[in-house]
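S.K.:
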Amino acid sequence: MGFALTDVHKNYRRRGSSVAALDGVSLSIAAGEFVAVVGPSGCGKSTLLQIVGGLLAPSSGSVSFRGDDLYARRSADDRAAVRRANMGFVFQTFNLVPYLSAMENVQLPMAITGLTEAVQSERASALLTRMGLGDRLDHRPGELSIGQQQRVALARTLANEPTVILADEPTGNLDPETGSAILDMLASIHSEGRTVVMVTHDPQAARRAKRTLRLDRGRIMSDERVG
Amino acid sequence: MKLRHLVWRELSVRRGQFITGLIAVLLGVAAVVAIHTVSIHSEKAVERELAALGANILILPKAVGAQNYYSADLNEKVMPEDYVARIAMSGLQGVQNLSPKLSLPADIAGTKFTVTGILPKSEFQAKAAWGGLAIFSKRKGCVAVNLPGEVAAEGKARGLARTRVIQDLALDEALLGADVAQGLAVTANGQIELRGRSFRVVGVLPTTGTIDDTRIFVHLHTVQEMAGAGAVINAIEVVGCCKDGATSLVDELNALLPEAKVVTIGQVIATQVSTNKLMSRLTWTFLAIIVVVGGAGIANAMYANVAERRREIATLMALGASRWQVSWIFLLKALIIGLAGGFGGYIVGTMAAILVGPQIAGMTVLPIAWLIPAAAFGTTVISLLAAWPPARRAGGIDPTLVFQEA
Ligand SMILES: Nc1ncnc2c1ncn2[C@@H]1O[C@H](COP(=O)(O)OP(=O)(O)OP(=O)(O)O)[C@@H](O)[C@H]1O
Ligand SMILES: [Mg+2]
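Which chain is which? The protein sequence lines are L and S, in order.
Its first residue numbered 20, the first sequence is counted upward by one per residue in my numbering.
Its first residue numbered -1, the second sequence is counted upward by one per residue in my numbering.
Laid out in structure tokens, this is it:
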């Protein structure tokens, strides 16, 4: 089992007015799926991803991961533990730690988990090599190209061997060629049996997924599977 | 890699920020440590002086302000040695002992010492006998201050340290303060060279913890010759026969020597006692300022640091870091600042006290061991307490809000 969302609402209350970012979303995502979430700007895509990733509590409705409710009777630290063990995030802006080398950035999630030094460096260099960055281990993010930075971020996402990858506009800051290389990586990650949920604006990117969820004003408008 | 690695790397990247903050903390701690170290020694010095009081009246040139008993003669002002003879010949009653002094700075093998010329008691007695006068006669109704006599060479040194008076001293003999003897590696019966003259060391004084430890005592007339300033002196220490302030004696001395300044040791010590009170009050004032200003400074710097690292913190949380792990990064940083500031402040403050103590308070200052744990522990606790609220704030950051900011 992957995720199951039942009638999820998310309202943001700001300065008196309330914005419904999600307005009754129910869906399930099975383990090993590759899902693209598309829709116009402001329709609630990032909100959905953050709720699924245990970062944002819904206003109402339930969210479960592997059969356990993520929010009911669970603390933020419990959800952090679930994330640590199972989930990897990919961001549009990469969010690499600027003062750490590529190696250290990839080691970061493993340091949080408390893996041994030996496992950390072995895995980090293997992942960076897989991303084609075997010769850039000691470079800082600022010394890498934009595409290389996203590949370091992708390697970092895989460090704790997550079963689920949650990507928010992973190609949003990249040129088409680099973006397509990143999509190839995501496809290959999916082919290893991991679940991939990817928010994107780009129809080209959405086509790489096996399933497309279309959101509009906080509601699911369509849910299509290909292949 | 451990999470603490993050702290080190961030410190080295934002080195400037870290070093300025650390220096601020360190200087604050150093100020407290320095003041406290000097004040502890100063209090001890007063106790010692009161306990083993040799002289109780000082005669100084008019222009000199007497701040410290032990360094009262270390001034550039001089008065004629003739004053000694005037007192000796005056027939004044109640003067039990006289010790004129002339001090010169000296340099032996690069180390600075003070050469102090003293006049042995035998010479007044000769002078008094020659004048047919009853010097050192007892005053009626006066209990004599008990001055132990000296016989052997070691006794000579001990006697000088305690009574500040010596019976005999030849023109080529010297007595060394404890620090001098140690610094020059000379013992009794050794030989030292001073401004081209050679002296036989007839004794080494026991450690007194005062500026006397850095003195070389030789015959007054030898120092006068070395100084080339004629028959002059810096001060006369007088042992009045009464243990109390010897006020009437002071009046009589004043009348006898109108060109000089006559002060009782009580007056000299009074200045020092009030200086000590001021210093210990300063310690507490400084401590309060350091705790408040230093704590606020650390808290402020930490809040700024948390604010500029919001994205990093949110990322750590997305990667599965617990709130405690995030807070811990900032607390560890505070721990480093506290320990480094505490130890560094102790070292800098103690060094300042050792350097400045002899100059402003006229005494040897030694490091005070218990201030090491006190400074390190105190600074660490303040630093941790100050960093606690910002560290909590870091752990409470909502990553989704941060990601929305991009
Ligand atoms: N922290 C917040 N406070 C108030 N309103 C918010 C907050 N975050 C999101 N919203 C609102 O919720 C709605 C959904 O936002 P969300 O970021 O999920 O959209 P999105 O589909 O990811 O948009 P984009 O494609 O531009 O990233 C928007 O109307 C947005 O203004
Ligand atoms: Mg978005």
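All C-beta atoms in this analysis are idealised placements derived from N, C-alpha and C, irrespective of residue type, glycine included.
Going along chain L in order, which residues have a C-beta closer than 8 Å to the C-beta of L1/S?
M.R.: Taking the second sequence and counting its residues from 1, one reaches residue 1/S at position 3. Those are A130 and I131, listed as they occur along chain L.
S.K.: Return yes when at least one heavy atom of ligand 1 lies under 7 Å from the C-beta of R33/L, else no.
M.R.: Within the first sequence, residue 33/L is the residue found at index 14, counting from 1. Yes.
S.K.: Tell me which same chain residues have a C-beta within less than 8 Å of the C-beta of S120/L, skipping the five on either side of it?
M.R.: For the purposes of this step, residue 120/L is taken as residue 101 along the first sequence, with counting starting at 1. Here the set comprises L156, D157, H158 and R159.
S.K.: Answer with buried or exposed for V245/L, where buried requires no fewer than 16 other C-beta atoms within 10 angstroms of its C-beta.
M.R.: As a working note, residue 245/L is residue 226 in the first sequence. The residue is exposed, with fewer than 16 neighbouring Cβ atoms inside 10 Å.
S.K.: Are the C-beta atoms of F108/L and some chain S residue less than 8 Å apart?
M.R.: Residue numbering aside, residue 108/L sits at position 89 when the first sequence is read from its first letter. Interface residue, yes.
S.K.: By how many angstroms is the C-alpha of V113/S removed from the C-alpha of G201/S?
M.R.: Translated into the one-based positions of the second sequence, residue 201/S becomes position 203. Translated into the one-based positions of the second sequence, residue 113/S becomes position 115. When rounded, the distance between both Cα atoms is 15 Å.
S.K.: Among R98/L, L152/L and T231/L, which one has its Cα closest to the Cα of S320/S?
M.R.: In the second sequence, counting from the first residue as 1, residue 320/S sits at position 322. Answer by Cα proximity: R98/L.
S.K.: Give the C-beta separation of N274/S and V30/S to the nearest angstrom, bearing in mind that I take them to be a contact with Cβ-Cβ under 8 Å.
M.R.: Taking the second sequence and counting its residues from 1, the one referred to as residue 274/S is at position 276. Taking the second sequence and counting its residues from 1, the one referred to as residue 30/S is at position 32. Contact flag wrong, Cβ pair sits at about 16 Å.
S.K.: Name, please, each residue of chain L whose Cβ falls closer than 8 Å to the Cβ of R213/S.
M.R.: Taking the first residue of the second sequence as position 1, residue 213/S is located at position 215. The contacting residues do not exist; R213/S stays about 57 Å from chain L at best.
S.K.: Taking any heavy atom of ligand 2 as the mark, which residues have a C-beta closer than 7 Å to it, listed down the chain?
M.R.: K64/L, S65/L, D187/L, E188/L and V218/L
S.K.: Out of H219/S, L102/S, L174/S and R193/S, which has the shortest C-alpha to C-alpha gap to A168/S?
M.R.: Mapped onto the second sequence, residue 168/S falls at position 170. Ranking the options by Cα distance to A168/S, first place goes to H219/S.
S.K.: What did DSSP end up calling C140/S once you bin it into helix, strand or coil?
M.R.: The count along the second sequence starts at 1 and reaches residue 140/S at position 142. In this predicted model, C140/S has a pLDDT of only 44, less than 50, meaning its place in the structure is not dependable enough to derive any value.
S.K.: Give, in chain order, every residue of the stretch 300 to 320 of chain S whose Cβ lies closer than 8 Å to some Cβ of chain L.
M.R.: Hits within the stretch, in order: R309, E310, A312, T313, L314, M315, A316, L317, G318, A319 and S320.
S.K.: Just to confirm, is the Cβ distance from G336/S to L24/S under 8 Å?
M.R.: Start at 1 with the first residue of the second sequence, and residue 336/S comes out as number 338. Start at 1 with the first residue of the second sequence, and residue 24/S comes out as number 26. Going by C-beta atoms, G336/S is not nearer than 8 Å to L24/S.
S.K.: How far does the alpha helix (DSSP H) with R391/S in it extend, from its first residue to its last?
M.R.: Within the second sequence, numbered from 1, the residue matching residue 391/S stands at position 393. Where R391/S is concerned, the enclosing alpha helix (DSSP H) stretches over L369 to G393.
S.K.: In angstroms with no decimal places, state the Cα-to-Cα distance between G72/L and T197/L.
M.R.: To locate residue 72/L, count along the first sequence from 1; it is residue 53. To locate residue 197/L, count along the first sequence from 1; it is residue 178. If I take the Cα positions, the gap works out to 26 Å.
S.K.: With which residues is G115/S paired in a DSSP beta bridge?
M.R.: The residue given as residue 115/S occupies position 117 in the second sequence. G115/S pairs with L100/S and V216/S.
S.K.: If we cut at 8 Å on Cβ distances, does P356/S have a partner in chain L?
M.R.: Reading the second sequence from its first residue, position 358 is the one you call residue 356/S. So, not an interface residue.
S.K.: Against L152/L, what residues of chain S qualify as contacts under a CB-to-CB distance less than 7 Å, listed in chain order?
M.R.: Numbered from 1 along the first sequence, position 133 holds the residue referred to as residue 152/L. Within chain S, no residue comes near L152/L; the closest Cβ sits about 17 Å away, beyond 7 Å.
S.K.: Residue range of the beta strand (DSSP E) that G201/S falls in?
M.R.: Working through the second sequence from its first residue, we reach residue 201/S at position 203. Boundaries of the beta strand (DSSP E) around G201/S: R195 to V202.
S.K.: Can you determine whether any heavy atom of ligand 1 sits closer than 7 Å to the C-beta of Q168/L, and answer yes or no?
M.R.: Within the first sequence, the letter at position 149 stands for residue 168/L. No - ligand 1 has no heavy atom lying nearer than 7 Å to the Cβ of Q168/L.
S.K.: Quick check: what's the CA-CA separation for E123/L versus M(-1)/S?
M.R.: Position 104 of the first sequence, counted from the first residue, corresponds to residue 123/L. Position 1 of the second sequence, counted from the first residue, corresponds to residue -1/S. So the two alpha carbons sit approximately 7 Å from each other.
S.K.: Are three or more beta carbon pairs between the stretch 378 to 388 of chain S and the stretch 294 to 302 of chain S nearer than 8 Å?
M.R.: With a cut-off of 8 Å, the stretch 294 to 302 of chain S and the stretch 378 to 388 of chain S count as touching, because enough Cβ pairs lie within range.
S.K.: Which residues mark the beginning and the end of the beta strand (DSSP E) in which R227/L is found?
M.R.: Counting from 1 along the first sequence, the entry for residue 227/L is found at position 208. No beta strand (DSSP E) contains R227/L, which DSSP labels as neither H nor E.
S.K.: Is the stretch 247 to 261 of chain S touching the stretch 72 to 84 of chain S, taking contact as three or more C-beta pairs under 8 Å?
M.R.: With a cut-off of 8 Å, the stretch 72 to 84 of chain S and the stretch 247 to 261 of chain S count as touching, because enough Cβ pairs lie within range.
S.K.: For L15/L, which residues in the same chain have their Cβ closer than 6 Å to its Cβ, ignoring the five residues on either side in sequence?
M.R.: The first residue shown for chain L is 20 and the last is 246, placing residue 15/L beyond what the model contains.
S.K.: Check whether chain S comes within 8 Å of D96/L, counting only Cβ atoms and requiring the distance to be less than that.
M.R.: As a working mapping, residue 96/L is identified with position 77 in the first sequence. Chain S, which has a Cβ nearer than 8 Å to the Cβ of D96/L, makes this yes.
S.K.: Count the other CB atoms within 10 Å of the CB of E191/S; is the residue buried (16 or more) or exposed (fewer)?
M.R.: Indexing the second sequence from 1 puts residue 191/S at position 193. Its Cβ having fewer than 16 others within 10 Å, E191/S is exposed.
S.K.: Secondary structure at E123/L, three-state DSSP: helix, strand or coil?
M.R.: Taking the first residue of the first sequence as position 1, residue 123/L is located at position 104. Reduced to three states, the DSSP call for E123/L is helix.
S.K.: Within 10 Å of its beta-carbon, does M361/S have 16 or more other beta-carbons around it, so buried, or fewer, so exposed?
M.R.: Start at 1 with the first residue of the second sequence, and residue 361/S comes out as number 363. So M361/S counts as buried.
S.K.: Using the three-state DSSP reduction, which class does F108/L fall into: helix, strand or coil?
M.R.: The residue given as residue 108/L occupies position 89 in the first sequence. In the three-state reduction of the DSSP assignment, F108/L falls in the strand class, which pools E and B.
S.K.: Using a cut-off of 7 Å between C-beta atoms, extract the partners of N114/L located in chain S.
M.R.: Here residue 114/L refers to the residue found at position 95 when the first sequence is read from its first residue. Going along chain S in sequence order, the residues near N114/L (Cβ under 7 Å) are R309 and T313.
S.K.: Closest by CA to Q323/S, which one among Q139/L, A100/L and L24/L?
M.R.: Locating residue 323/S in the second sequence gives position 325, counting from the first residue. Selected option, being the one with the closest Cα: A100/L.
S.K.: Here's the rule: buried if 16 or more other CB atoms are within 10 angstroms of the residue's CB, otherwise exposed. What is K119/S?
M.R.: In the second sequence, the residue the question calls residue 119/S occupies position 121. Answer is buried; the Cβ neighbour count reaches 16.
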